[in-house]
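Quick notes on the structure that follows.
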Amino acid sequence: FRQIKPSDLKSVYSWVKDIEKEDTFIMLNADEPTSFKEEKEYFRDLFKKTKQKKLVKIAVFDGKKYLGSCDIEKGGKRQGHIGIFGIVLSKECRGQGIGFRLARETIKLAQTKLGIKKIVLNCFANNKIGISFYKKLGFKQNCRDPQAVFYQGKYIDTIWFFKKLS
């Protein structure tokens with residue numbers, strides 16, 4: 105695991121294109137492709153927020169090949185104690201415990217660098233593996249948001265989770 109560097113842009117963008125085609129349980133999808141310009145802007149924003157101690161992101165690489173990442177972004181103003189969690193891994197990394205270790209490390213880093221007290225996330229309600237994963241990490245289900253995303257031709261609920269940190 106390591107931090108993303110500016111030189112990783114092309115590898116990350118190639119991965120984004122693969123994930124969009126896979127059409128898995130995330131917002132990225134091939135129907136609304138990410139442009140290279142958008143990815144460059146995302147990178148700029150990522151490094152700016154990291155420097156400002158508003159975000160932590162840890163990535164997984166196999167040599168120079170990007171395989172995914174986990175991040176936590178600090179909420180603003182009255183929600184500065186809350187971190188918003190996200191994780192996405194390539195198919196080849198899933199089901200091996202890599203995501204669990206990556207998530208735990210990212211949570212620890214967010215506590216130290218961002219000073220957060222609570223983490224929140226939402227998950228597609230039909231993502232059984234994701235729901236099980238978040239529960240294994242100690243997240244508790246908070247509420248259900250009906251028809252929150254349009255996925256594979258249907259409106260799908262999302263489930264919000266939270267985890268209080270000590």
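Just add 104 to the spot in the sequence shown (first one is 1) and you have this note's numbering.
For each residue, glycine too, the CB sits at the ideal point set by N, CA and C.
Problem - Beta-carbon proximity check, Ala214 vs Gly187, cutoff 7 Å - result: Yes, the Cβ-Cβ distance between Ala214 and Gly187 is below 7 Å.
Problem - Short Cβ contact (7 Å threshold) for Ile263 with Ala207 - result: Cβ distance not < 7 Å, so Ile263 and Ala207 don't count as in contact.
Problem - Given 8 Å, three or more beta-carbon pairs between the region 242 to 252 and the region 133 to 151 - result: Cβ pair count under 8 Å is below three, so no.
Exercise for the section: Using a threshold of 7 Å, state whether the C-beta atoms of Gly172 and Ser194 are closer than that. Expected result: A contact, by the Cβ cut-off of 7 Å.
Practice task
Sort out for me which residues DSSP pairs Asp166 with in a bridge.
Solution key: In the DSSP output, where bridge partners are listed per residue, Asp166 has Lys169.
Exercise for the section: Mind checking which residues open and close the alpha helix (DSSP H) that includes Lys157? Expected result: For Lys157, there is no enclosing alpha helix (DSSP H), as DSSP gives it neither H nor E.
Exercise for the section: Can you grab the Cα-Cα spacing for the pair Phe105 / Asp175, in whole Å? Expected result: Those two C-alpha atoms are separated by around 12 Å.
Practice task
Can you say whether Phe189 is buried or exposed, counting buried as having 16 or more other CB atoms within 10 angstroms of its CB?
Solution key: Counting every other CB atom within 10 Å of its CB across the protein chains shown gives Phe189 a total of 16 or more, marking it as buried.
Problem - Alpha carbon of Thr128 to alpha carbon of Gln156, nearest angstrom - result: Computed Cα separation, rounded: 31 Å.
Exercise for the section: State yes or no: is the C-beta of Leu193 nearer than 6 Å to some heavy atom of the ligand GDP? Expected result: Annotation note on the ligand GDP: not contained in the displayed structure, which lists no ligands.
Practice task
Hey, could you find the ends of the beta strand (DSSP E) Asp127 is sitting in?
Solution key: Note, Asp127: premise wrong, no beta strand (DSSP E); not H, not E.
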